[in-house]
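Residue numbers (the working numbering): 3 to 171. C-beta: ideal position from N, C-alpha, C; glycine also. These numbers were taken from a predicted model, which means no experiment stands behind them. Comments concern the structure below.
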Amino acid sequence: MAQVRVIGTGQLLELSAQLRRAGHENIRSSFHRRIRRAAEPLRDGMQDTIRTLDIRSQTRGSGKRGGPSPTTRPLRASIAAAVRISVRTTGNPGAKVWLDRSLLPPDITVGVVNRLNEGRLRHPVFGNKKRWVQQNTTPLWWDKTVRAHTPRMTREVERVADDVRRRLT
3 MAQVRVIGTG QLLELSAQLR RAGHENIRSS FHRRIRRAAE PLRDGMQDTI
53 RTLDIRSQTR GSGKRGGPSP TTRPLRASIA AAVRISVRTT GNPGAKVWLD
103 RSLLPPDITV GVVNRLNEGR LRHPVFGNKK RWVQQNTTPL WWDKTVRAHT
153 PRMTREVERV ADDVRRRLT
């Protein structure tokens with residue numbers, strides 16, 4: 003699964019050092035807020051993509067039983083709720099959109115999300131380790147969403163950095 007990081011090690015590090023030296027707290031907080039705003043559409047896009055992801059099951063044979071899920075928490079909604087943004091303006095400045103493991107239920111691991119990104123998920127039927135089923139989905143949904151948002155985010159971060167640099171000089 004691709005991890006998104008909007009960083010410009012040279013440009014953002016230099017700008018971060020200038021902000022620290024200048025001590026302009028309002029410029030620094032504005033810089034942080036604008037970088038976060040640049041990453042928010044990607045986070046929202048990730049959440050929308052996973053919520054609407056079409057997950058198809060193998061067809062059930064004639065006479066096979068089905069039924070409601072034994073859990074009350076939907077898989078896609080749980081994954082969407084765990085997508086987060088991190089923004090740093092010191093040290094290694096940049097924005098990162100990631101999946102927070104601590105917000106996932108114990109039975110959903112990051113491995114499940116990785117396998118969904120690969121286009122398939124194999125799991126036991128209602129926890130029965132003797133019966134397994136495979137579900138298929140659109141492969142590389144995470145990566146495609148990242149690629150769709152990266153040019154806009156890069157342009158926005160460059161614009162924010164230029165604005166801050168102009169305000170410092």
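Simplified DSSP state of residue i, which is helix, strand or coil
i	result
R45	helix
I57	coil
A163	helix
A82	helix
V127	strand
R154	helix
R149	helix
R169	helix
R75	coil
R7	Residue placement at R7 cannot be trusted, given a pLDDT of 48 that sits under 50; what the coordinates show is reported in the next sentence. If DSSP states are grouped into helix, strand and coil, R7 belongs with the strands.
R39	helix
For residue i: DSSP bridge partner residues
i	result
H34	According to DSSP, H34 bridges with nothing at all.
N138	R58, R122
Start-to-end residues for the alpha helix (DSSP H) that takes in residue i
i	result
L118	112-120
Range covered by the beta strand (DSSP E) that runs through residue i
i	result
L106	That residue, L106, is in no beta strand (DSSP E); it is neither H nor E in DSSP.
Cβ-based neighbour list, residue i, same chain, cut-off 7 Å, excluding 5 preceding and 5 following
i	result
R169	I29
R90	G96
K146	none
L101	A84, V85, V112, V115
H151	P43, L44, G47
S80	L106, P107, I110
Same chain, Cβ closer than 8 Å to residue i, five either side skipped, listed in chain order
i	result
L55	R78, L118, T139, T140, W143
R103	A84, T111, V112
Problem set entry | Three-pair Cβ contact test at 8 Å for the stretch 82-89 versus the stretch 38-54 | Yes, the stretch 82-89 is in contact with the stretch 38-54.
Exercise. Is the stretch 54-61 touching the stretch 136-143 in the sense that three or more CB pairs, one from each, lie closer than 8 Å?
Worked result: The stretch 136-143 makes contact with the stretch 54-61: 3 or more CB pairs, one atom from each, lie closer than 8 Å.
For this session: Mind the definition here: the stretch 103-119 touches the stretch 24-43 only if three or more C-beta pairs lie below 8 Å; say whether that holds.
Result: Of all C-beta pairs linking the stretch 103-119 to the stretch 24-43, fewer than three are shorter than 8 Å, placing the two stretches out of contact.
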